[in-house]
Every structure is written in C-alpha cells, then in structure tokens.
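Have a look at the structure below before the remarks.
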C-alpha cells in the first residue's frame, strides 16, 4: 500500500514540474501581457487624399501604423469576402474583350455610412474620404475589398486612354468624375464596360475678338450605340483665357459645345456639335456676333397660383434641361434650349398638372405654350378575396401610361419600357378600403395586390377632378408552389431564403429547412427569383436562381448547392 502511494506522489510531482516548464516557455516566447500582437495588427494601407493628391497611411485599428503600404488586391492577393470567394470587377471594351492595366481610385462604403453621408451633407472644409489606388490585372479583373454587408463602390478612373461607355446617373452621391457599383452578397462579378478615350483641346473666341468671356459646357455621346442623348456636361468658366482642355472624351463620338457669354450686346447661346474623330490637335470654335438661340414662352394667365415648370429631354429618359418657379398671370421664358432632340414641358401645382406633347425646336425659334391645367383625380376601391372578405394588409397601386409622367413619380414603367419602382400607391385599411389621390387625368392603370394572391390590373380613363370608384376588386388565391432542396448543407446551421422578382426588391420569407428541404405555397404566377444564404444579414455568400410560374407549370423544384456558404 505504501509503495503504491509513493508511485502516485511521484507521478503528481512529475506532472507539476512539466506544467511549470510549459508555463515558463509560454511566458518567455509567447505574447507578453500588455504587448500588442504584431501578427494580428493591420499593416496599414496606403491611401491617396482625393483633394490634394497627398499620400497618407491609414489604419482602421489603434495599433501602431506601419509606413509600408499594403499589397494591392489582386488574384494573387484576393480580398475574399466572408464566403471565401472574392468579388470581381471585370473591365472590358464594347466587344467584351478584357482591358488590362486600367488604373483608378476607389472607395468602398457600406450602406450605413453612405446613407449617413447623404442625409447629412458635409460642411465646407470637411475632410474628404480617402481613396485607395487600384488597377486591373492582365485578365481585366480587379478584386475590391468586400464589406461584411452590401456595400457601394465609388470608382474614379485615372487612365487617360479609357473612359466608361455610359456615365452612371442613378447612383447616389457621386461626383462628376465618379462611377458607382453596388456590391451585394448575391453577386460575384460586375462588368464595367469601357471605350477608348482621347483628350482634346478647344479654343473658343468671338467672331471679332481673340478671346471669349462666359461659360462653356461640353457634353459627349458615343456613336454606334442605340440612340442616346449627350451625357452630363462639364462646365468651364472663361475669363481671360480662351482654351479648354477636356480629358477623356470618346474617340468615336460627338461633342456638344454650348457657349453662354457675358458680352454686352450679345444675347443667347451658341451651340456646336462636332465629331471627336475630326478633332486633331486644337479645334477652334468661333461664336458669331449674333447667335440664333431657341426657346419657349409659357403663358400662365389661367394658372391661379405658383407653379413648378420643368423642361425635359425625352431622348435622355427625362433629363431636365431647364425650368423653374413662376407665378400665375405671368410668363415663363426659357431660352438657349437644344434643337437636336425632342423636348417636353411639365407644369404642376399642388392640385393640378399639365404636360405638352413632344416637340422639337428649330434654330432661332421661340415657341409659345398656353397650358390648360387639369385637376388631379382620385381612385377608390375595396380589395377583397373570392368570398368577399377584406384583404388586409394589401396594396393598391396606380400609375400613368404616358411616358412623361415619371415627373409625378407615379409610374411603374419608364417611357422606354424599363421597370421603375416609383408607383403612386397606398395601403389598404382593415376594412379593405383604399384611396389613391393626386392621380393625373387620362388613361391610367390600377393594380391591386396582396401577399399570397394573384394581382389584378384595371385600365381606366380618368376625367379631370374625377373621384372614380372602382368598387370591389376580388383577388384569387395564388396557387404556385416552390420546393427548395439544399445539397451539401450543414443540418445544424440555419439557412434563410428570400423571394422576389428579378431587378426588383427581394422579400424575405420565414423558411424552415427540415432535412434540407422547404416548401413555399400560395406563390403568384410570375417571373420570380429565389436566393438562399447562410447569414441572416448577408455577407456569407448566396445561391439563387430565377424561374417563371404559370398556370401550366404551377410547381417547380429547385436544387441549390450551399457547400460554400458561411452560416450564422
């Protein structure tokens, strides 16, 4: 018994000695208390101040900042997102061939920072955001760093021999020389189409003088594409010099140069359109002593109160080129309008509206309009199911079919047929009653919809000031079925599904994947899109597919491989 006890004591002493040795080695060679872990601190990334061009070193942590720049993202050093796969920006020419060595500055913002910056305009003198330098590789690919959630990429090209094929016009908060790309967890690649560019030098002068004083705006458009208007102009103020250096205009395109002067006795604007291929070296623009300008005169004698007037170019999908505020009983005159494209005039008040037909001005023409404003209309309806029971919640949507009515922000389709989410809509109350106000008179479409039911569209023609009662709108129960099967999934982790329409918003639906399979019922017959992700707030990758449910094909089974998705 004593011999066994001695063996146990010896073993305990041996283990204690071994533990002491391990602790000593750990304290000597490991990370000491109070010392930052050098292996986990960011090396600091080299940034370029967008305002001054000064290079600075920025680090997002409180650890000491290194002066060594971080290696730029590349296929060899991919900034992989949380799913382990990088987001790719592919730069290509109009033929689809990759464009290597495109240099640019970029800034990745998450939506929270973007919305905060848009809601609170920065004061004068505020620090500009830092832009990182980037370049496409030999395959025309660049991998920007991904945000944990969806983000917005601001892109500023610095390569003088390339330019975007079309300017981005719908992205928020962009400067004149920036492009915008939305980075979302559902996308792996975004294609940025570039076209060959050149720089030109313009000299503007009067017919009888060597210089020009005033403003000159220069806009461009590409040749060989579908009909499009000129892109957003760049404005130059000329005081004593007469030359303008314009960077990055299309090699195969047209320039629109509009000279607006401050010379005494000179009235109006002078407009010149020149092909960029014809500009070799310096191109001289001579402004005549008397320029023929075109414009409109709008007589507002029948308008009771203050009105908002907007003149738009419809070739450019409603791009404003003039307008302002005016009082009833007066005249509104707008000169210096374009003569190359069709225009439309929109006049609105709080209760009435008027829009002109499409028209095109001739050089020197001043066309007169006398608007006859029509009062807005009202549509009422009661949305019920097939048994007459109120459907709540549900929605009533109304939109015009005339293609200038985007101005009222109540259209579901733009004039060129593309989708537009700006509907005039209202929610239905618990009794199923709905009322849409401020509807312009004319031919209109009304759509009633509710979750789990087939939507129904009614075409009506509204008279000025009319209160139109549509009565009961009965909706049928949707009968579509979607079965989602997951392969290579983790049975211990949750998965989330979202359902919506392509190029529209996705609607998250509570889905329980029992054994990797879920069943969605009462889905409307339409073109749909299903996306599955492993993280509830995104950022962990996703898998999706689009399809169409019809009465002939009311049920569909979808199989998605989720092996590469990260989960909560």
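In my numbering, the protein residues as written are 976 to 1543. The beta-carbon is built from N, C-alpha and C at its ideal position, and this holds for glycine as well.
Alpha-carbon to alpha-carbon, residue j and residue i
| i | j | result |
| --- | --- | --- |
| residue 1023 | residue 1193 | Low local confidence applies: a pLDDT of 32 at residue 1023 is under 50, so the model's placement there is unreliable, and no value is given. |
| residue 1440 | residue 1347 | 13 Å |
| residue 1359 | residue 1419 | 22 Å |
| residue 1255 | residue 1421 | 56 Å |
| residue 1455 | residue 1437 | 34 Å |
| residue 1470 | residue 1516 | 12 Å |
| residue 1129 | residue 1105 | 11 Å |
| residue 1337 | residue 1270 | 9 Å |
| residue 1415 | residue 1349 | 8 Å |
| residue 1248 | residue 1196 | 10 Å |
| residue 1299 | residue 1434 | 33 Å |
| residue 1352 | residue 1409 | 14 Å |
| residue 1246 | residue 1119 | 41 Å |
| residue 1448 | residue 1205 | 45 Å |
| residue 1321 | residue 1306 | 15 Å |
| residue 1443 | residue 1319 | 28 Å |
| residue 1345 | residue 1325 | 19 Å |
| residue 1166 | residue 1209 | 26 Å |
| residue 1493 | residue 1540 | 18 Å |
| residue 1114 | residue 1458 | 39 Å |
| residue 1171 | residue 1063 | 22 Å |
| residue 989 | residue 1082 | 59 Å |
| residue 1426 | residue 1356 | 17 Å |
Opposing strand residues paired with residue i [DSSP bridges]
| i | result |
| --- | --- |
| residue 1073 | 1067 |
| residue 1118 | Per DSSP, none; premise fails for residue 1118. |
| residue 1444 | 1355 |
| residue 1449 | 1359 |
| residue 1171 | 1137 |
| residue 1521 | 1504 |
| residue 1409 | 1356 |
| residue 1195 | 1230 |
| residue 1190 | 1212, 1235 |
| residue 1455 | 1498 |
| residue 1270 | 1310, 1341 |
| residue 1218 | 1178 |
| residue 1258 | 1177 |
| residue 1246 | 1233 |
| residue 1350 | 1327 |
Cβ-Cβ separation, residue j to residue i (assumed contact under 8 Å), whole Å
| i | j | result |
| --- | --- | --- |
| residue 1505 | residue 1472 | 6 Å |
| residue 1533 | residue 1468 | The Cβ separation is near 19 Å, so there is no contact. |
| residue 1073 | residue 1079 | With a Cβ gap of about 15 Å, residue 1073 and residue 1079 do not count as contacting. |
| residue 1507 | residue 1537 | 6 Å |
| residue 1225 | residue 1138 | 7 Å |
| residue 1274 | residue 1252 | That belief does not hold up - the Cβ atoms of residue 1274 and residue 1252 are roughly 44 Å apart, past 8 Å. |
| residue 1232 | residue 1260 | 6 Å |
| residue 1262 | residue 1211 | With 8 Å as the limit, residue 1262 and residue 1211 do not qualify as a contact, their Cβ atoms being about 14 Å apart. |
| residue 1522 | residue 1503 | 6 Å |
| residue 1445 | residue 1354 | 6 Å |
| residue 1221 | residue 1179 | Contact doesn't hold; Cβ gap of about 12 Å is too wide. |
Interface flag, residue i vs chain B, CB-CB below 9 Å
| i | result |
| --- | --- |
| residue 1336 | The chain inventory of the structure shown lacks chain B, comprising one protein chain alone. |
Three-state class that DSSP yields for residue i in the structure shown
| i | result |
| --- | --- |
| residue 1163 | coil |
| residue 982 | helix |
| residue 1132 | strand |
| residue 1364 | coil |
| residue 1536 | strand |
| residue 987 | helix |
| residue 1229 | strand |
| residue 1251 | helix |
| residue 1275 | coil |
| residue 1283 | strand |
| residue 1110 | strand |
| residue 992 | helix |
| residue 1080 | strand |
| residue 1403 | coil |
| residue 1177 | strand |
| residue 1529 | coil |
| residue 1425 | coil |
| residue 1206 | coil |
| residue 1023 | For residue 1023, the pLDDT reaches just 32, beneath the cut-off of 50, and the residue's location in the model is therefore unreliable, leaving the point undetermined. |
| residue 1473 | strand |
Taking only runs that begin and end inside the region 1298-1342, name each unbroken beta strand (DSSP E) of 3 or more residues, in chain order.
Correct list: 1306-1310, 1318-1323, 1327-1330.
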